[in-house]
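Residue numbers (the numbering used here), protein chains in the order written: chain S, 1 to 119; chain A, 120 to 238. Just so it is clear, CB atoms sit at the ideal spot from N, CA and C, and this is done for glycine as well. Small disclaimer: the values here were computed from a predicted structure and weren't measured. A short write-up of the structure that comes next.
Number of protein chains: 2
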Amino acid sequence: MEKNEAICCDNVEVHEELVKIVSETMPEETELYDLAELFKVFGDSTRIRILFVLFEAEVCVCDLAAALHMTQSAISHQLRILKQNKLVKSRREGKSVFYSLADAHVRTIIAQGREHIEE
Amino acid sequence: MEKNEAICCDNVEVHEELVKIVSETMPEETELYDLAELFKVFGDSTRIRILFVLFEAEVCVCDLAAALHMTQSAISHQLRILKQNKLVKSRREGKSVFYSLADAHVRTIIAQGREHIEE
DNA sequence: TATTCATATGAACAATCATTCATATGTTTA
DNA sequence: TAAACATATGAATGATTGTTCATATGAATA
Numbered sequence: 001m002e003k004n005e006a007i008c009c010d011n012v013e014v015h016e017e018l019v020k021i022v023s024e025t026m027p028e029e030t031e032l033y034d035l036a037e038l039f040k041v042f043g044d045s046t047r048i049r050i051l052f053v054l055f056e057a058e059v060c061v062c063d064l065a066a067a068l069h070m071t072q073s074a075i076s077h078q079l080r081i082l083k084q085n086k087l088v089k090s091r092r093e094g095k096s097v098f099y100s101l102a103d104a105h106v107r108t109i110i111a112q113g114r115e116h117i118e119e
Numbered sequence: 120m121e122k123n124e125a126i127c128c129d130n131v132e133v134h135e136e137l138v139k140i141v142s143e144t145m146p147e148e149t150e151l152y153d154l155a156e157l158f159k160v161f162g163d164s165t166r167i168r169i170l171f172v173l174f175e176a177e178v179c180v181c182d183l184a185a186a187l188h189m190t191q192s193a194i195s196h197q198l199r200i201l202k203q204n205k206l207v208k209s210r211r212e213g214k215s216v217f218y219s220l221a222d223a224h225v226r227t228i229i230a231q232g233r234e235h236i237e238e
């Protein structure tokens, strides 16, 4: 064993207590990963703007693109990510595809985020 | 004007209605950016794990590193990001620096996220 | 005051990601 | 069925980001 092997913070007692608590309360690795994935989806202003539009109405792709002044392709790529993560759902009507919010948690999460940044 | 200039979705009436609603309800550009920035912070499993530890106790950097099996440097970099975004606060005690949650919204946001991924 | 411990930080690198461009798929209509 | 429209998607690219490594700062102690 090396001389400088980590003992870290000296207080072995507190340390082991902590490790025990953490191992008991920390969610599974896959849940942590899924959680981070979910918040990553909220972590882009284009997707946030799409969600704000969908707070107001069910909207087709090209109207989303027009309302946000972005290309159809860019919007479509982001809608795919939102849908994969079950934040929005879609419905085809003729040539158009209409998107809407899939989940009430979306509003809550964004509302809490807004509260936070307003201190 | 080009032949194929976008009229998009044909229904000019609905389109203008939408643009009006969006311009009225969409937050400022800077708020959208700040919101995305905030959620970006939650969008990394290392930072999520740090927050879960801090749900249980006030912890110094090296115990965090030990509990999460990561280097002190990696943890310290992530703590800086968490602190910049006011999700954690810190307190120096001798050589150690103790971190704790800064804000009640953190728990709410993560709780909502967990509810969402559990469908 | 020199050493040791705890933490912070800059640079570098690999990985991830949002947008663009070109094109494909699916639907309606002439 | 051919053309036009709405949407989806693969590849490429520039930008962002998490970790590592080396080192700096700050505090206690011998």
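Identified DSSP bridge partners for residue i
| i | result |
| --- | --- |
| Glu93 of chain S | S:Ser96 |
| Leu220 of chain A | A:Val207 |
| Cys179 of chain A | A:Phe217 |
Enclosing alpha helix (DSSP H) for residue i [first to last residue]
| i | result |
| --- | --- |
| His105 of chain S | Ala104 to Ile117 |
| Thr30 of chain S | Glu29 to Phe42 |
Inter-residue Cα distance where the pair is residue i and residue j
| i | j | result |
| --- | --- | --- |
| Thr227 of chain A | Arg211 of chain A | 27 Å |
| Leu54 of chain S | Ala67 of chain S | 11 Å |
| Ile117 of chain S | Ala223 of chain A | 12 Å |
| Pro27 of chain S | Phe98 of chain S | 36 Å |
| Leu82 of chain S | Val41 of chain S | 7 Å |
| Lys205 of chain A | Leu220 of chain A | 9 Å |
| Glu150 of chain A | Ser90 of chain S | 27 Å |
| Ile48 of chain S | His69 of chain S | 14 Å |
| Val138 of chain A | Glu238 of chain A | 32 Å |
| Phe158 of chain A | Glu24 of chain S | 26 Å |
| Leu35 of chain S | Glu115 of chain S | 20 Å |
Close Cβ partners of residue i (< 7 Å) along its chain, the five nearest in sequence each way excluded
| i | result |
| --- | --- |
| Gln191 of chain A | Val180, Cys181 and Ala184 |
| Val207 of chain A | Leu173, Leu198, Leu201, Tyr218, Ser219, Leu220 and Ala221 |
| His225 of chain A | This sequence places Val at residue 225 of chain A; His is not what is there. Contacts found: Leu170 and Leu206. |
| Lys95 of chain S | none |
Nearest-angstrom beta carbon gap, residue j and residue i [assumed within contact, 8 Å]
| i | j | result |
| --- | --- | --- |
| Ile170 of chain S | Gln84 of chain S | It is not possible to answer for residue 170 of chain S, since the shown part of chain S is limited to 1 through 119. |
| Tyr152 of chain A | Ser45 of chain S | 5 Å |
| Val141 of chain A | Glu58 of chain S | In fact, because the Cβ distance is near 13 Å, the residues do not count as touching under 8 Å. |
Contacting residues, own chain, Cβ-Cβ under 6 Å from residue i (five flanking each side not counted)
| i | result |
| --- | --- |
| Gly113 of chain S | none |
| Ile229 of chain A | none |
Same chain, Cβ closer than 8 Å to residue i, five either side skipped, listed in chain order
| i | result |
| --- | --- |
| Glu156 of chain A | Asn204 |
| Ala193 of chain A | Thr165 and Ala184 |
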